[in-house]
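Protein chains in written order, with numbering that gives the first Met the number 0: chain U, 0 to 358; chain W, 0 to 324.
Glycine is no exception: its CB is placed at the ideal position from the N, C-alpha and C atoms.
Predicted model, so just to flag it, every value in this text is computed and none were measured.
Each remark here refers to the structure printed beneath this line.
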Amino acid sequence: MKTVASFKIQYSQYLDAEGKLTQNKLPRFAENRDELLKMYRMMSFVRVFDTKAVALQRTGQLGTYASCLGHEATHVGIGAAMQPEDAFFPMYREYGAQFWRGVKPHEVLLFWGGDERGSNFSGPQHDFAWAVPIATQCHHAAGAAMAFKLRKEKRAAVSVIGDGGTSQGDFYESLNAAGAWRLPAVFVVSNNMWAISVPLSAQTACETLAQKAIAAGIEGVQVDGNDIIAVRDIMEYSLDKARSGKGPTLVEALTYRISDHTTADDASRYRNKEEVEEAKRREPLIRIRKYLTDIGAWDQKKEDKLLAECAEQVDTEVKLYKDAGKPPLESMFDHMFANLPEGLIAQREAAAEEGRQHG
Amino acid sequence: MAKVTMVEAITLAMAYELEHDPAVVVLGEDVGVNGGVFRATAGLQQRFGKERVMDTPLAEALIAGMSIGMAAQGMKPVAEIQFSGFIYPTVDQMINHAGRLRTRTRGRLHVPMVLRAPSGGGIHAPEHHSESNEALFAHMPGIRTLMPSSPARAYGLLLAAIRDPDPVVFLEPTRLYRLNKQEVEDNGEALPLDTCFVLREGEDVTLVSWGAMLHETLQVAAKLAEEGVGCEVIDLASVSPIDFETILESVKKTGRLAIIHEAPKNCGVGAEIAATVAEKALYSLKAPIERVTGYDIPMPLFKLEHDYMPSVERVIQGIRKVLEA
Numbered sequence: 000m001k002t003v004a005s006f007k008i009q010y011s012q013y014l015d016a017e018g019k020l021t022q023n024k025l026p027r028f029a030e031n032r033d034e035l036l037k038m039y040r041m042m043s044f045v046r047v048f049d050t051k052a053v054a055l056q057r058t059g060q061l062g063t064y065a066s067c068l069g070h071e072a073t074h075v076g077i078g079a080a081m082q083p084e085d086a087f088f089p090m091y092r093e094y095g096a097q098f099w100r101g102v103k104p105h106e107v108l109l110f111w112g113g114d115e116r117g118s119n120f121s122g123p124q125h126d127f128a129w130a131v132p133i134a135t136q137c138h139h140a141a142g143a144a145m146a147f148k149l150r151k152e153k154r155a156a157v158s159v160i161g162d163g164g165t166s167q168g169d170f171y172e173s174l175n176a177a178g179a180w181r182l183p184a185v186f187v188v189s190n191n192m193w194a195i196s197v198p199l200s201a202q203t204a205c206e207t208l209a210q211k212a213i214a215a216g217i218e219g220v221q222v223d224g225n226d227i228i229a230v231r232d233i234m235e236y237s238l239d240k241a242r243s244g245k246g247p248t249l250v251e252a253l254t255y256r257i258s259d260h261t262t263a264d265d266a267s268r269y270r271n272k273e274e275v276e277e278a279k280r281r282e283p284l285i286r287i288r289k290y291l292t293d294i295g296a297w298d299q300k301k302e303d304k305l306l307a308e309c310a311e312q313v314d315t316e317v318k319l320y321k322d323a324g325k326p327p328l329e330s331m332f333d334h335m336f337a338n339l340p341e342g343l344i345a346q347r348e349a350a351a352e353e354g355r356q357h358g
Numbered sequence: 000m001a002k003v004t005m006v007e008a009i010t011l012a013m014a015y016e017l018e019h020d021p022a023v024v025v026l027g028e029d030v031g032v033n034g035g036v037f038r039a040t041a042g043l044q045q046r047f048g049k050e051r052v053m054d055t056p057l058a059e060a061l062i063a064g065m066s067i068g069m070a071a072q073g074m075k076p077v078a079e080i081q082f083s084g085f086i087y088p089t090v091d092q093m094i095n096h097a098g099r100l101r102t103r104t105r106g107r108l109h110v111p112m113v114l115r116a117p118s119g120g121g122i123h124a125p126e127h128h129s130e131s132n133e134a135l136f137a138h139m140p141g142i143r144t145l146m147p148s149s150p151a152r153a154y155g156l157l158l159a160a161i162r163d164p165d166p167v168v169f170l171e172p173t174r175l176y177r178l179n180k181q182e183v184e185d186n187g188e189a190l191p192l193d194t195c196f197v198l199r200e201g202e203d204v205t206l207v208s209w210g211a212m213l214h215e216t217l218q219v220a221a222k223l224a225e226e227g228v229g230c231e232v233i234d235l236a237s238v239s240p241i242d243f244e245t246i247l248e249s250v251k252k253t254g255r256l257a258i259i260h261e262a263p264k265n266c267g268v269g270a271e272i273a274a275t276v277a278e279k280a281l282y283s284l285k286a287p288i289e290r291v292t293g294y295d296i297p298m299p300l301f302k303l304e305h306d307y308m309p310s311v312e313r314v315i316q317g318i319r320k321v322l323e324a
């Protein structure tokens, strides 16, 4: 037997858990302190928002909520690398990317607060809403990428799934098609090691999830998903590649779900405390804060001021969410079709009448 | 005006829209140089190029899901599913996304896609090629489901489906693809959606059917006319939403209703029609409603397929029950 093909998977990291540089040469954006500070501020804001959202759920003021605690570098890095005209296809834990793109925090709260108006968000109008059925959005990203390619637009589509999503057929199908057509797409796997209660080791025999790109004939790369510099750098590389017609990339971002799966979950049932404590040591905010402090761009005073600002901003958003009230009953029907069929018009009227009498 | 088969009429409709709307693309398995296994896309790739008429990898969920992604970014994909039994991987995408996207984003995104698929039995095809699954799609909110019964109806309804800003499942009865020819003017005129068509007027009994079963239903109506029985034959055409106004008006006139469909009886579209007529026109009925349908079994392989599908004799038997009650 002889080797007919061989492959390798590259891993990228600039900033280790201690905030020390692991490479001498930084990406250009990272040499600009303001760029790093902008991302750090967003990561901090997401952390404050996330903490508040969990608190709202715990006090009965929000429905089930999926926390992004520990994932901040992955999604803020994605958001910072994307252009507004690119299209984003998130799962439900990428608030940082969405905020960066213009989605308002109260819109996220509306969604988890059981209100469709949250998905009619202020971000780019072509971005998709949250995809709850796992990995289904990979196909939408491939389709959007096909539309961009056919219209010869320099745009790319970015989808995000979790590690569990890589077991889905939709993931493989879209990767394969994107390879066959050289679509301008970037498929991100936010590998947080747990799909609810199932650890990565039970999900796959693969050493990396990035290597799943190999079977699709596309490039797969692994990145430290807790390193904001590495994530943004690999995303900028993948997006440039996509927009210049050089095909899709699979990016596996290694992170950790410090929170429960959602507020309806209790992760202490299936994973040990030591593992979580160790993950907290490696979480994304500590290292970039340390790095910024080391280069003299950050101090405790600035940190205190930032957190106070974030808290104030979050409070404003929470108020907007709470003041939104219940959507009009008829709105359940109003957006079913551009041209509402007779039967639905009748149901709409009946529901409205029922609402007037007993609502 | 040329006489064309139903499958040719379908090709004409797609060609018309490809010619007149740059947002329209055709995609599916073997739809390109091969022109589709039923030849519905014959010549389209040669005429419009590989970027407008695309062979996809062999993955039905991908075909539906990519169509959703393309449609939401301003394209109008017309996707083909090769055989009726291969449509099920699209269900997740159709029900969770195609039918929901407009409403869950409050109109921000919408999905102007068509999912075309062959439907029904009667052509001696292999296993999983002959299913009638319109009820499955009819149960999905936010999706229109159409079934043409003639070349002209296929042409006009497919144009309407492609132009509609919302998702449409377009189920094409394979048995009718080449059964007969009809004059179809290739003038780009669409038929209305959400409406059924009265194919034959009559005073004694209303027969509601759709797709290939209209072939038998019309034969039965002609036969019964010889006995002096006037059958009003309604082509449902829009399986979802159903044009109940036309059906109820007819039932109020005839007082008798038989529904004929090839799909299994249990929770079939006939059940919805019967239930609504019972709700809204029970006192107009002179006899219990009769459903003549396929059996609640998997579609048999072709040696027995004609015993599964309602025959002219079974349809007549069903109608006699309604007439004699």
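8 Å is my cut-off, CB to CB: does residue i come that close to chain W?
i                            : result
methionine 145 of chain U    : yes
serine 118 of chain U        : yes
methionine 90 of chain U     : no
glutamine 124 of chain U     : yes
aspartate 169 of chain U     : yes
glutamate 115 of chain U     : yes
phenylalanine 336 of chain U : yes
alanine 179 of chain U       : yes
alanine 86 of chain U        : yes
glycine 62 of chain U        : no
Can you say whether residue i is buried or exposed, counting buried as having 16 or more other CB atoms within 10 angstroms of its CB?
i                           : result
glutamate 289 of chain W    : buried
proline 140 of chain W      : exposed
valine 167 of chain W       : buried
valine 131 of chain U       : exposed
asparagine 265 of chain W   : exposed
glutamine 82 of chain U     : exposed
isoleucine 344 of chain U   : exposed
glutamate 59 of chain W     : buried
phenylalanine 88 of chain U : buried
lysine 211 of chain U       : buried
methionine 145 of chain U   : buried
alanine 263 of chain U      : exposed
Give the C-beta separation of residue i and residue j to the nearest angstrom, bearing in mind that I take them to be a contact with Cβ-Cβ under 8 Å.
i                         : j                        : result
alanine 39 of chain W     : isoleucine 9 of chain W  : 5 Å
leucine 298 of chain W    : proline 150 of chain W   : Rather than leucine, the amino acid found at residue 298 of chain W in this sequence is methionine. Wrong, their Cβ atoms sit about 25 Å apart, outside the cutoff.
asparagine 175 of chain U : glycine 224 of chain U   : Not a contact, Cβ separation roughly 24 Å.
methionine 146 of chain W : glycine 210 of chain W   : 4 Å
methionine 65 of chain W  : valine 24 of chain W     : Actually they do not touch by this definition, with Cβ atoms about 10 Å apart.
threonine 165 of chain U  : isoleucine 8 of chain U  : Wrong, their Cβ atoms sit about 14 Å apart, outside the cutoff.
alanine 262 of chain W    : threonine 292 of chain W : 7 Å
Of the residues the options, which one's Cα is nearest the Cα of residue i?
i                        : options                               : result
tyrosine 15 of chain W   : W/Asn95, W/Glu271, W/Glu188, W/Ser249 : W/Glu188
leucine 235 of chain W   : W/Arg105, W/His260, W/Glu225          : W/His260
proline 183 of chain U   : U/Tyr94, U/Ser243, U/Leu305           : U/Ser243
alanine 229 of chain U   : U/Ile8, U/Leu20, U/Lys1, U/Asp126     : U/Leu20
glutamate 200 of chain W : W/Glu184, W/Thr292, W/Ala224          : W/Ala224
glycine 246 of chain U   : U/Gly178, U/Tyr64, U/Leu306           : U/Gly178
glutamate 79 of chain W  : W/Ile62, W/Ile67, W/Gln92             : W/Ile62
Could you check what DSSP says for residue i in three-state terms: helix, strand or coil?
i                            : result
aspartate 242 of chain W     : coil
arginine 242 of chain U      : helix
threonine 261 of chain U     : coil
isoleucine 287 of chain U    : helix
threonine 248 of chain U     : strand
phenylalanine 110 of chain U : helix
leucine 135 of chain W       : helix
cysteine 137 of chain U      : helix
Of all Cβ atoms in chain U, is any one closer than 8 Å to the Cβ of residue i?
i                         : result
threonine 144 of chain W  : no
histidine 19 of chain W   : no
valine 25 of chain W      : no
alanine 58 of chain W     : yes
methionine 325 of chain W : Residue 325 of chain W lies beyond the range of chain W shown here (0 to 324); nothing can be said about it.
glutamine 218 of chain W  : no
aspartate 29 of chain W   : no
methionine 139 of chain W : no
arginine 105 of chain W   : yes
threonine 55 of chain W   : yes
glutamine 44 of chain W   : no
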